[in-house]
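Reading through the C-alpha cells given below for one structure.
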Amino acid sequence: MHYAFHFNVVWEHWRDLAEGAWLTIRLSALAMSFGLAVATVCAYAKAAGPAPVRWTVAAYVEAIRNTPFLVQIFIVYFSLPTLGISIDANEAALAAMVVNFGAYGTEILRAGIESIPHGQVEAARALGLSRLQTFVHVMLFPAVKTVYPALSSQFILLMLASSVVSTISAVELTAVTNSLQSTTFRPFEFYFVSTGIYLAMSLGFQAVFGAMYWVAFMRGPRGHRA
Amino acid sequence: MNRTFGMSELLFIVGALRWTLLLSLVAFLGGGAVGFVIAILRTSHSRILRWLAAGFIQLFQGTPVLLQLFLAYYGLAVLFQVQVDAWPAVAVAFTLYSGAFLGEIWRGSIQAIPRTQWEASACLSLGYFQQLRHVILPQAMRISIPPTVGFLVQLVKGTSVAAIIGFVELTRAGQLMVNVTFQPMVVYPVVAMLYFAVCWPLSLLSRTLEKRIDADIGVKRHF
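This is the structure:
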C-alpha cells in the first residue's frame, strides 16, 4: 500500500463538516417531532378507530415498513412533482423522514399500548374518563415509558438513514462530505471522518436519551411518574 | 422522442430484482458467518473478546450503511491502487453490516437460554464448545429464527443504498428507467411494489414464527 493519507485537508474544512452534522441533527430532530405526532394519531386510530380507519393505518404502516427509505424519498421528490406537488429537496427529505418515522413509530407505540392490561383501560372508562382522556393518561404515557428504548433507537436509525437524502441533494452531513470530497479529491479521508462524526452522534444521542429517560421516568416518589 | 414505460422497461426492472436478491443472499451468507463469530465472542468468558465484539457491533450499528459503502468503495481503491468494480465493495460492506446486526440478534438468542442450561451441561462435564454445540445453540437457534427473518427484510431494503454508488440492482434499475422514460410517477411505485412483494411475505413469516415460538414456550402476550 503506497497511499499517502492527507487528513489535513479534512481538518481545513472542519467548519463545513460541523455545519453538516448540525443540519443532520436538526433534520432528524424535526422529523422525529412530526413523526411522533403522526405515530400518536395513527396509534390512537389503530387502538380506537373504526375498522376502515384501522385498515388504512395498517396499510400505511406495512407499505412503509416493507419498502426501502431510498425509494420512498424518490417517490416524494421525483414522483409527486408530476402530480403538481412540487417541493424543494430539503422539504422532500423532511416529508419522507416524517412519513417513514411515523410508520415505525406507530408500530412501536402499538406494541406499548397493547402491553397495557385491559383492566386498567376498563377501570379508567368506569371512572368516567373519556376515550381520549383514557388514551392519553392511561394508555399513551405508560406505553411510551415501556417502548422508550425502542423509540430512541428508532431515532438513531432515522438519523443514520438520513444520510441517504444526500442523493436528492438535500443538505446534511453526507451531502456536505460528497461535495467536499469531489472538490479536494480525498474521498477516503472525508468519508472516514464523517463516518466517525456519525458514530459520535449515535453515541452522543444514546447518552442523551438515557439521561432523558432518567429525568422523565425515574424520578418522583415511586421511582416513576407514569 | 421519449420512451414510454412499457413491457421491456418493466422487464428490465423485474430482471434487476435478481441482483437485489443475489446481493441480499451474499450479504446474508457472509454476514451469517461473521455474525456467528461475533455472537460467540460477545457471549464468551473473556472480557476482551466481549468488548471487541461489542465494539464491532457498535461501529456498524452506529454509522450509516451508505458511509460504510463509500468507505468500502474508496477503501478498496486505496488498498489496491485501482478503482475496483462496485461488486466487491458492496459485498464487503453489506457482509460486515449484516454481520453486526446478526451478531447482535444471535447474542440475544444465546443469552435468552437460562443459565441453568449452561450449569446443567457443565455438571455433565461437557466442555465449553460441547455445551455450545449440543445444548445452547440448538435451543438458541430456534428463538433466533423470527428476528433473523425480520432482519432479512431490513437487509433487502438496505441493499437499495448500493444504487447510490452505481451498483445496478432494483432501485438503480428504476433510476435508469426514469432517466429514459421521464415517468417517475410510474417507475418508482413499481419499484416500491417489487420490494414490497419480496419483503411483506418475509415480515408476515417472521410474525407468524414469533407467535408460534411464543406459544410453544408459553409466553403470554397481549398482542
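In order, the protein sequences belong to chains Z and V. Taking this note's numbering as reference, the numbering of the first sequence is continuous, increasing by one, and the terminal residue is 434. Taking this note's numbering as reference, the numbering of the second sequence is continuous, increasing by one, and the terminal residue is 346. Don't be surprised by glycine CBs; every beta carbon is placed ideally from N, CA and C.
Straight-line spacing of the CA atoms in V/L190 and V/Y318 works out to 23 Å.
Chain order gives the chain V residues near Z/I283 as Y311, P312 and A315, where near means a beta carbon separation below 7 Å.
Less than 9 Å divides the Cβ of V/I288 from the Cβ of V/A209. In the structure shown, Z/E380 falls within a coil segment according to DSSP collapsed to helix, strand and coil.
Here Z/K254 is actually not in contact with Z/V246; their C-beta atoms are around 12 Å apart, not less than 8 Å. In the three-state reduction of the DSSP assignment, V/T282 falls in the helix class.
Within chain Z, no C-beta atom comes nearer than 7 Å to that of V/W142; the closest sits roughly 14 Å away.
By the CB criterion at 9 Å, Z/V373 and Z/A311 fall outside the cutoff.
For the region 321 to 332 of chain V, the beta-carbon criterion of a distance under 7 Å to any beta-carbon of chain Z is satisfied by C322, W323 and S326. For Z/E330, the closest Cβ of chain V is not nearer than 9 Å. The DSSP-derived three-state label of Z/E322 is helix. Between Z/T275 and V/T143, the alpha-carbon positions lie close to 13 Å from each other. Z/Q328 and Z/G320 have their C-alpha atoms some 14 Å from each other. The beta carbon of V/S147 sits closer than 6 Å to the beta carbons of L278, V279 and T282 from its chain, once the five residues preceding and following it are set aside; these are given in chain order. In the three-state DSSP reduction, Z/A300 falls in the helix class (H, G or I).
Closest in C-alpha terms to V/L140, from the list V/L332, V/A200, V/L327 and V/C322, comes V/C322. The C-alpha of Z/E227 is placed about 15 Å away from the C-alpha of Z/A237. Interface criterion not met: the Cβ of Z/P260 is under 9 Å from no Cβ in chain V. The straight-line gap separating the alpha-carbon atoms of Z/Y285 and V/G250 is approximately 58 Å.
From the beta-carbon of Z/L278, the residues of chain V found nearer than 8 Å are S283, V284, A286, I287 and T294. Residue contact with chain Z for V/P270: absent (no Cβ-Cβ distance below 9 Å to any residue of chain Z). Between the C-alpha atoms of V/R230 and V/Q184 there is a straight-line separation of about 15 Å. Sequence-distant partners of V/Q298 (beyond 5 residues in either direction) whose C-beta falls short of 7 Å from its own C-beta, in its chain, are A286. Within chain Z, the residues placing a beta-carbon under 8 Å from that of V/L182 are L407, ordered along the chain.
Between Z/V279 and V/S244, the alpha-carbon positions lie close to 49 Å from each other. Judged by pairs of C-beta atoms under 8 Å, the region 395 to 406 of chain Z touches the region 215 to 232 of chain Z, as three or more such pairs exist. Relative to V/T218, the option among V/H257, V/R173, V/Q240 and V/L275 whose CA is nearest is V/L275. Its chain contains V306 as the residues whose beta carbon lies nearer than 6 Å to that of Z/F242, once the 5 sequence neighbours on both sides are disregarded; these appear in chain order.
The C-beta separation of V/Y196 from V/A214 comes to about 11 Å, leaving the pair out of contact by the 8 Å criterion. Going by C-alpha positions, Z/A424 is about 21 Å away from Z/T314. Within chain V, no C-beta atom comes nearer than 9 Å to that of Z/Y312; the closest sits roughly 11 Å away. For V/G222, no Cβ of chain Z is located within less than 9 Å of the residue's own Cβ.
Around Z/S323, the same chain offers T354 as residues with beta carbons nearer than 6 Å, after the five sequence neighbours per side are excluded.
If one requires a minimum length of 4 residues, the alpha helix (DSSP H) runs lying completely within the region 256 to 288 of chain Z are 259 to 273 and 277 to 282, in chain order. The residues A214, F217, T218, Y220, S221, L278 and T282, in chain order, have a CB closer than 8 Å to that of V/A150 in the same chain once the five nearest residues on each side in sequence are set aside. Chain-ordered, the chain V residues with CB closer than 7 Å to the CB of Z/E270 read W323.
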